[in-house]
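Below is one structure, written out as structure tokens; comments come after it.
Residue numbers (my numbering): 12 to 124.
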């Protein structure tokens, strides 16, 4: 289920990549897929669909989302910042808890500062 990540070199490129993924896979209108959009309520994704999105991102970018990710990430922008940080493309997001940060770092050696 891995997809090409060619050209994704920063968190904004990753944001655009994730928007296209959700648009193409789940038929969500791009007008809804804003930075502040809540993954489940605004985007209309089920928990299973959000988990599928995490799996596709993990496989494509070779990152690991630890258990509890969906307790930390609610908005599209948060998902993008977290994924970019795990890949080493962005600074550590301010919104994640210390425990979650340590679990992320343990399984993602590229996680930035």
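We treat Cβ as the ideally placed atom computed from N, Cα and C, and that holds for glycine. Predicted, not measured: the structure shown is a model, and the values here were computed from it.
Grab me the residues of residue 13's own chain with a C-beta within less than 8 Å of its C-beta, minus the 5 sequence neighbours each way, in chain order.
Residue numbering aside, residue 13 sits at position 2 when the chain shown is read from its first letter. 67, 70, 71, listed in sequence order.
Tell me the rounded alpha-carbon separation between residue 78 and residue 43.
Sequence index remark: in the chain shown, residue 78 carries index 67 (1-based). Sequence index remark: in the chain shown, residue 43 carries index 32 (1-based). Whole-angstrom Cα-Cα distance: 27 Å.
Residue from 87, 88, 86, 75 with nearest C-alpha to residue 112:
Residue numbering aside, residue 112 sits at position 101 when the chain shown is read from its first letter. Checked all of 87, 88, 86, 75; the closest Cα to residue 112 is 75.
Can you tell me whether residue 80 is buried or exposed? The criterion is at least 16 other CB atoms within 10 Å of its CB, across all chains shown.
Translated into positions along the chain shown, residue 80 becomes position 69. Result: buried.
Given 8 Å, three or more beta-carbon pairs between the stretch 26-46 and the stretch 86-106:
Look at the beta carbons and you see the stretch 26-46 touching the stretch 86-106: at least three pairs across the two are nearer than 8 Å.
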